[in-house]
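Comments concern the structure below.
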Amino acid sequence: MARAIPEQLLRRPFAVTQAEALGYPRAALRRACWVRLFRGVYVHADVERTPLVWAAAALLTVSGRAGAVVTHRTAAVLWGFTARGWAGAPWELSVRGPTQNDQADVRLHRRIGDLDVEHRPGPVPVSGPERTVVDCALRASLVECVQLMEHLVRAGHTTRDRLFWYLDRCHLHGVVAAREAFEYVRERSESPRETWLRLLLVLAGLPEPDVNVEVRGPDGTFVARVDLLFSAWKVVVEYDGRHHETDAQQWARDRRRREALEALGYRVIVVAAVDARLPRDVVRRVHRALVDRGYDGPRPWFSASWTALFA
Numbered sequence: 002m003a004r005a006i007p008e009q010l011l012r013r014p015f016a017v018t019q020a021e022a023l024g025y026p027r028a029a030l031r032r033a034c035w036v037r038l039f040r041g042v043y044v045h046a047d048v049e050r051t052p053l054v055w056a057a058a059a060l061l062t063v064s065g066r067a068g069a070v071v072t073h074r075t076a077a078v079l080w081g082f083t084a085r086g087w088a089g090a091p092w093e094l095s096v097r098g099p100t101q102n103d104q105a106d107v108r109l110h111r112r113i114g115d116l117d118v119e120h121r122p123g124p125v126p127v128s129g130p131e132r133t134v135v136d137c138a139l140r141a142s143l144v145e146c147v148q149l150m151e152h153l154v155r156a157g158h159t160t161r162d163r164l165f166w167y168l169d170r171c172h173l174h175g176v177v178a179a180r181e182a183f184e185y186v187r188e189r190s191e192s193p194r195e196t197w198l199r200l201l202l203v204l205a206g207l208p209e210p211d212v213n214v215e216v217r218g219p220d221g222t223f224v225a226r227v228d229l230l231f232s233a234w235k236v237v238v239e240y241d242g243r244h245h246e247t248d249a250q251q252w253a254r255d256r257r258r259r260e261a262l263e264a265l266g267y268r269v270i271v272v273a274a275v276d277a278r279l280p281r282d283v284v285r286r287v288h289r290a291l292v293d294r295g296y297d298g299p300r301p302w303f304s305a306s307w308t309a310l311f312a
């Protein structure tokens, strides 16, 4: 007869020692219903392996884990940030004092000072949103830092004022890069791809557009809310993800919306997901539209830093 599984083991990751303390032997963990996440850490196969579950499991791998906190990119993911390559190993933790961990997929950061710890994203200790920004800035690109800060503001986890206050008083590694990125943070930004597109243009030397602006007709009637607007030249730049290309109803709504903008004299530039493969062409398209509308500023400049970020 199969041994009964203690209720405490069915919903969350656990260490082998915790199972044994509940009378569930190590040998029983060879059953197909168990999934090994790390050496000595298991979870029931019915539990969805979300980043939160993986982070909780990673904490169980740290000896003397009372002081371990989820930090850096793993903390950003728990705060809801999505970026390519951020969700997954290595799972990043910070600890104070001597501790051991030889798990290949867990990265430990040893700290001297206190960490501001919160539990809002879930039932694990995680660094606060402002501290997470500074930690991530050590290795993230400027674009990723801006995207992370705008996500945290958009989700209500912090405010632009709180970020400014924290970065102004912070003296931790990473704060210089975080301060540089903060200068590009805009509160009305609605998606990481919109942020990418705005920075693609601005860092190439084009004027900064307004973000998510309502366009109204001469009688004040609402016409559209546009991603980026160069109001002085009546040029609109929109980012369209793949759903715009595959959803027929969305495509029809977008077409009618753009026709309404063009009837008011706006030039609409649409940047599709596939266009991201040719970022210089995107900048040149927008620059040409601005020039056609009277822009006489400098031509775009694709510096080494721009190329490293986008090309």
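Taking my numbering, I'd label the letters of the sequence shown as residues 2 to 312.
The C-beta atom is built at its ideal place from N, Cα and C for all residues, glycine as well.
None of these values were measured; they are calculated from a predicted model.
Check	Outcome
Terminal residues of the beta strand (DSSP E) in which A273 lies	268-273
Stretch pair the region 83-95 + the region 157-169: three plus CB contacts closer than 8 Å	no
Limits of the unbroken alpha helix (DSSP H) element including W55	52-60
Straight-line gap, V95 to A56 (C-alpha atoms, nearest Å)	Looking at the sequence provided, one finds Ser at residue 95 rather than Val. Roughly 12 Å separates the two Cα atoms.
Beta-carbon proximity check, L262 vs V236, cutoff 8 Å	no
Counted within 10 angstroms of its Cβ, other Cβ atoms place L204 as buried (16 or more) or exposed	buried
Distance, E145 Cα to V217 Cα	At residue 217 the sequence reads Arg, which differs from the Val that was named. Their Cα atoms are separated by approximately 33 Å.
Cα-Cα separation, W197 to Q148	8 Å
Contact set for R140: own chain, Cβ-Cβ below 6 Å, skip 5 residues either direction	none
C34 classed as buried or exposed, judged by whether at least 16 other C-beta atoms fall within 10 angstroms	exposed
Sequence-distant residues of the same chain with beta carbon closer than 6 Å to F82, five excluded per side	L149, H152
Segment contact flag, the region 101-117 with the region 212-228, C-beta cutoff 8 Å, min 3 pairs	no
DSSP bridge partner residues for F15 (one or two, in chain order)	Y43
Straight-line Cα distance separating S304 from L310	10 Å
Neighbourhood of H244 by C-beta, 7 Å cutoff - its chain only, sequence neighbours within 5 removed	Only weak support is given to the placement of H244: the predicted model assigns it a pLDDT of 49, under 50, and the value that follows is read from those uncertain coordinates. Closer than 7 Å at the Cβ level, and outside the excluded window around H244, lie Q251.
Residues near R163 by beta carbon distance below 7 Å, same chain, minus five either side	E131
R194, enclosing beta strand (DSSP E) - first and last residue	Where R194 is concerned, there is no enclosing beta strand (DSSP E), although the alpha helix (DSSP H) it sits in stretches over 193-203.
E260 (DSSP reduced to helix, strand or coil)	helix
Cβ-based neighbour list, P126, same chain, cut-off 6 Å, excluding 5 preceding and 5 following	V70, V118
Bounding residues of the alpha helix (DSSP H) (the contiguous stretch that carries H288)	280-293
N- and C-terminal bounds of the beta strand (DSSP E) containing S95	92-97
DSSP state of A138 mapped onto helix, strand, coil	helix
Cβ-Cβ distance between P208 and G298 below 8 Å	yes
Closest Cα partner of R257 within the set V272, V224, A20	V224
Three or more C-beta pairs below 8 Å linking the region 9-22 and the region 47-64	yes
Neighbour-count burial assignment, G129, 16 or more Cβ in a 10 Å radius	buried
Span of the alpha helix (DSSP H) around F165	161-170
Between the CA atoms of S232 and Y185 - distance to the nearest angstrom	19 Å
W252 in three-state terms, based on DSSP	helix
Alpha carbon of A179 to alpha carbon of C171, nearest angstrom	10 Å
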